[in-house]
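2 protein chains.
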Amino acid sequence: MREQELITLADSLFSGNIAGKGISKGIGDDCAVLSYNGKWDLIATCDTLSENTHFLKGTPPELLAHKLLAVNLSDVAAMAGIPLWGILSLAAPKKLSPAFLTRFMTALGKEAEKYKVSIVGGDTVRADALTLTLTLLGKVEKGRALLRSNAKEGDLVLVTGLLGNTFSNGKHLDFEPRLKEARWLRDKFSPTAMMDLSDGLFEDGSRMGRASGATLAIRGTEVPCADHCALKEALTGGEDFELLLTVPKSKFDEKLKRRFEKKFSLKLTVVGEVLKAGKHPLTIDGKAKKWSGYAHF
Amino acid sequence: MREQELITLADSLFSGNIAGKGISKGIGDDCAVLSYNGKWDLIATCDTLSENTHFLKGTPPELLAHKLLAVNLSDVAAMAGIPLWGILSLAAPKKLSPAFLTRFMTALGKEAEKYKVSIVGGDTVRADALTLTLTLLGKVEKGRALLRSNAKEGDLVLVTGLLGNTFSNGKHLDFEPRLKEARWLRDKFSPTAMMDLSDGLFEDGSRMGRASGATLAIRGTEVPCADHCALKEALTGGEDFELLLTVPKSKFDEKLKRRFEKKFSLKLTVVGEVLKAGKHPLTIDGKAKKWSGYAHF
Numbered sequence: 028m029r030e031q032e033l034i035t036l037a038d039s040l041f042s043g044n045i046a047g048k049g050i051s052k053g054i055g056d057d058c059a060v061l062s063y064n065g066k067w068d069l070i071a072t073c074d075t076l077s078e079n080t081h082f083l084k085g086t087p088p089e090l091l092a093h094k095l096l097a098v099n100l101s102d103v104a105a106m107a108g109i110p111l112w113g114i115l116s117l118a119a120p121k122k123l124s125p126a127f128l129t130r131f132m133t134a135l136g137k138e139a140e141k142y143k144v145s146i147v148g149g150d151t152v153r154a155d156a157l158t159l160t161l162t163l164l165g166k167v168e169k170g171r172a173l174l175r176s177n178a179k180e181g182d183l184v185l186v187t188g189l190l191g192n193t194f195s196n197g198k199h200l201d202f203e204p205r206l207k208e209a210r211w212l213r214d215k216f217s218p219t220a221m222m223d224l225s226d227g228l229f230e231d232g233s234r235m236g237r238a239s240g241a242t243l244a245i246r247g248t249e250v251p252c253a254d255h256c257a258l259k260e261a262l263t264g265g266e267d268f269e270l271l272l273t274v275p276k277s278k279f280d281e282k283l284k285r286r287f288e289k290k291f292s293l294k295l296t297v298v299g300e301v302l303k304a305g306k307h308p309l310t311i312d313g314k315a316k317k318w319s320g321y322a323h324f
Numbered sequence: 028m029r030e031q032e033l034i035t036l037a038d039s040l041f042s043g044n045i046a047g048k049g050i051s052k053g054i055g056d057d058c059a060v061l062s063y064n065g066k067w068d069l070i071a072t073c074d075t076l077s078e079n080t081h082f083l084k085g086t087p088p089e090l091l092a093h094k095l096l097a098v099n100l101s102d103v104a105a106m107a108g109i110p111l112w113g114i115l116s117l118a119a120p121k122k123l124s125p126a127f128l129t130r131f132m133t134a135l136g137k138e139a140e141k142y143k144v145s146i147v148g149g150d151t152v153r154a155d156a157l158t159l160t161l162t163l164l165g166k167v168e169k170g171r172a173l174l175r176s177n178a179k180e181g182d183l184v185l186v187t188g189l190l191g192n193t194f195s196n197g198k199h200l201d202f203e204p205r206l207k208e209a210r211w212l213r214d215k216f217s218p219t220a221m222m223d224l225s226d227g228l229f230e231d232g233s234r235m236g237r238a239s240g241a242t243l244a245i246r247g248t249e250v251p252c253a254d255h256c257a258l259k260e261a262l263t264g265g266e267d268f269e270l271l272l273t274v275p276k277s278k279f280d281e282k283l284k285r286r287f288e289k290k291f292s293l294k295l296t297v298v299g300e301v302l303k304a305g306k307h308p309l310t311i312d313g314k315a316k317k318w319s320g321y322a323h324f
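Each protein sequence line maps, in turn, to chains A and B. Heads up, the first sequence is in our numbering, so the first residue is 28 and it goes up one at a time. Heads up, the second sequence is in our numbering, so the first residue is 28 and it goes up one at a time.
Quick look at the structure:
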């Protein structure tokens, strides 16, 4: 069963039970959006790193701690949210050394402090292979979470940073979640939709197109490829953890874009435009591609 | 590293980052207690079931779905809370059949509906062995979550149901979380402390004694043993998922106790008394024991 099939199944099985439960957005976006209080919505996300899938034996525990927190923070950023509390599940083999566990927990504590996240609970269990799950709760101004499902015909498509080559240049373990950038972009550009890029612009952009009932028309020459990598690598390599957003043309402004790039030392690039729904949710230079994104499942 | 050492380490590493973050209770109780709104506190808990530790290959997915939800609901019950939202991480081997996954997800959807929980998000990843993590969020009236750390000298010690033999009689997979019972007990008996029994009364009662700075003095003859099992099995077998609570003598009442037993068809038993802190956090007929509880880690 492919990940998308499983998510579709989960959505169909679980969504009957949502009315009146304080759920603005359930399964299918970077975070769930839940009722909180007069000023804020609560957002919740969860990511798992598992040995042999996301990392190999021998990966330094400090890098695991960073990545575990950062992948979740990237989901909070995608909603333009502020992280608050983390809940950790640590499933570890008996033979894992106390030194490794201590280094991992120490690093996670430091990383959490850096991003002002408090680890407030969790579970520790034995397992055959190391499996780390972090659930992250955060908040976002009431009604102002940015979903992936609201891109509108005529919007510009933008990405932050450089795409591709994240496995060869190490960025997939060592990336910086775009928390401040996301809030700045929300406040200055009023994006209609936003998500983070975990499986590559081709796959994630297709998801945004499908969720929005639109087509993202990407111009290949505009895609900011890391390390001069090939376009296909930039679009399908995955684990970029950059932001993909759609912005009404009336809100876009070259001067603001340069201000962003200077303020955050990070590229911001218009890579295409949103068209009304065509046969495919994403095209590259007007053509559909049969590529697949980075598969975590 | 033992589970208790790891929890102590986590507590020391993570607790520096708590002030001003809306955290009434962080690591160390059945749930974290977090700021929510004018009427409610938010509570959060997380439990993981892992293949070969908590279940063996061949366990029907319906039982896994029930148990995954029920262990978390039992933690919510322990705070006298009301469950709201679940976030699922499913780490599964590639060879796991779509039929198994579909049965698991279908059963989880049904169970969630039964307990009025909405599954609002999660993650699916590949792993060498099946590892299921559910984070459950709930609510409890502001300031009224029942912690394990507040048992007072002179209180009575009570347990619900029958203890022990849960692996031979199947209760460890098929138990009923004590959600309604917990709220009834809170409202009628004003307990000073409450927790759920996952590792057995000996280990969990010791935790309550330590957390409260007191000694739980258990009377062996009063312990309600399931299937006439031996006292040691009843106290250390684990996975009872019953409630352990301490009640001021002035609030206890035999008539109320019988009302509880009739209303819920469930035994409620006074098994001892809270004494001021002695050398050991829990005694049985006045004596310390060197037993260990059911170890999940």
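The beta carbon of each residue, even a glycine, is placed where N, CA and C say it ideally should be. Predicted model only: the values in this text are computed from it and were never measured.
Determine the direct distance from the alpha carbon of Ala92 of chain B to that of Met132 of chain B, and round the result to whole angstroms.
Taking the straight line joining both Cα atoms gives about 8 angstroms.
With 16 as the cutoff for other CB atoms within 10 Å, does Thr35 of chain B come out buried or exposed?
exposed
With a 10 Å radius around its C-beta and 16 neighbouring C-beta atoms as the bar for buried, classify Pro120 of chain A as buried or exposed.
exposed
Within the continuous alpha helix (DSSP H) that includes Gly236 of chain B, where are the two ends?
Boundaries of the alpha helix (DSSP H) harbouring Gly236 of chain B: Leu228 to Ser239, taken from the DSSP string.
Which whole-angstrom value describes the C-beta separation of Val167 of chain B and Ile70 of chain B, a residue pair presumed to lie in contact below a C-beta threshold of 8 angstroms?
6 angstroms
Name the residue from A:Val103, A:Lys303, A:Val250 and A:Ala59 whose alpha carbon lies nearest to the alpha carbon of Gly148 of chain B.
A:Ala59
Just by C-beta distance, which residues in the region 226-257 of chain A are closer than 9 angstroms to chain B?
none
Could you tell me which chain A residues have their CB closer than 9 angstroms to the CB of Phe268 of chain B, listed as they occur along the chain?
Near Phe268 of chain B there are no residues of chain A at all, since even the closest Cβ is about 15 angstroms away, more than 9 angstroms.
Under a Cβ-count criterion, where at least 16 other Cβ atoms within 10 Å of its own Cβ denotes burial, should His199 of chain B be classed as buried or exposed?
Classification for His199 of chain B: buried.
Cβ closer than 8 angstroms: which chain B residues qualify as neighbours of Ala156 of chain A?
Ala154, Asp155 and Ala156
Does the contact criterion of 3 or more C-beta pairs under 8 angstroms hold for the region 244-260 of chain A versus the region 310-317 of chain A?
These segments touch.
Buried or exposed for Ala126 of chain A, going by 16 or more other Cβ atoms inside 10 Å?
exposed
Quick one: what's got a C-beta closer than 7 angstroms to Glu138 of chain A's C-beta in the same chain, skipping five residues either side?
Ala92, His93 and Leu96
Along chain B, which residues have their Cβ under 8 angstroms away from the Cβ of Glu30 of chain A?
Per Cβ cutoff of 8 angstroms: Thr151.
Can you pull the DSSP bridge partners for Glu300 of chain B?
B:Leu183 and B:Ala244
At which residues does the alpha helix (DSSP H) containing Trp318 of chain B begin and terminate?
First-last for Trp318 of chain B: undefined, no H or E at that position.
Name the chain B residues whose beta carbon is nearer than 9 angstroms to that of Tyr63 of chain A?
Tyr63, Asn64 and Leu69
Return the chain-ordered ranges of every alpha helix (DSSP H) run that is complete within the region 84-170 of chain A and spans a minimum of 4 residues.
88-105 and 125-141
So which residues on chain B does Ser77 of chain A lean against when the C-beta distance must stay under 8 angstroms?
Ala118, Val152, Arg153, Ala154, Asp155 and Thr158
Using the rule of at least 16 other Cβ atoms within 10 Å of the residue's Cβ for burial, across every protein chain shown, is Ser239 of chain A buried or exposed?
buried
Count the C-beta pairs between the region 166-185 of chain B and the region 266-280 of chain B that are closer than 8 angstroms, then say yes if the count reaches three, no if not.
yes
Grab me the residues of Thr219 of chain A's own chain with a C-beta within less than 6 angstroms of its C-beta, minus the 5 sequence neighbours each way, in chain order.
Asn177, Ala178, Lys179, Asp182 and Thr273
Is the beta carbon of Thr296 of chain A closer than 7 angstroms to that of Val186 of chain A?
Annotated as proximal: Val186 of chain A and Thr296 of chain A, with beta-carbon spacing under 7 angstroms.
So Ser20 of chain A and Gly49 of chain A are in contact, right, with Cβ under 8 angstroms, and what is the actual spacing, rounded?
Any answer about residue 20 of chain A is impossible in this case: the structure gives chain A only from 28 up to 324.
Closer than 7 angstroms, Cβ to any Cβ of chain A: which residues of the region 185-198 of chain B, in chain order?
none
Gly320 of chain A CB to nearest chain B CB: under 7 angstroms?
False, the Cβ-Cβ gap to chain B never drops below 7 angstroms.
Taking 8 angstroms as the threshold, find out whether the region 231-245 of chain A comes into contact with the region 287-296 of chain A through three or more Cβ pairs.
In the pairwise beta carbon analysis, the region 231-245 of chain A is classified as not touching the region 287-296 of chain A: fewer than three pairs are separated by under 8 angstroms.
Once you ignore the five residues that flank Asp56 of chain B on each side, which residues in its own chain have a CB closer than 6 angstroms to its CB?
For Asp56 of chain B, where only same-chain residues beyond five positions count, the Cβ hits under 6 angstroms are Leu174 and Arg175.
Exposed or buried, Ser116 of chain A, counting other C-beta atoms within 10 Å across all chains shown (16 or more means buried)?
buried
Look at the alpha carbon of Leu206 of chain A and the alpha carbon of Leu212 of chain A, and state the distance between them as a whole number of angstroms.
The C-alpha of Leu212 of chain A is placed about 10 angstroms away from the C-alpha of Leu206 of chain A.
So that I know if they touch, is there some Cβ in chain B lying closer than 7 angstroms to that of Ile114 of chain A?
yes
Near Gly236 of chain B, which residues of its chain fall below 6 angstroms by C-beta distance, leaving aside the five closest residues on each side in sequence?
Thr242, Leu243, Pro308 and Leu309
Can you name, in chain order, every residue of its own chain whose Cβ lies under 8 angstroms from the Cβ of Ser145 of chain A, other than the five neighbours on each side?
Leu111, Trp112, Gly113 and Ala139
Ignore the nearest five residues each way along the sequence and tell me which others in Ala105 of chain A's own chain have a CB closer than 6 angstroms to its CB.
Asp57, Met221, Met222 and Asp223
Pick helix, strand or coil for Phe202 of chain A, following the three-state DSSP scheme.
coil
Kindly indicate the opening and closing residues of the beta strand (DSSP E) around Ser51 of chain B.
Ile50 to Lys52
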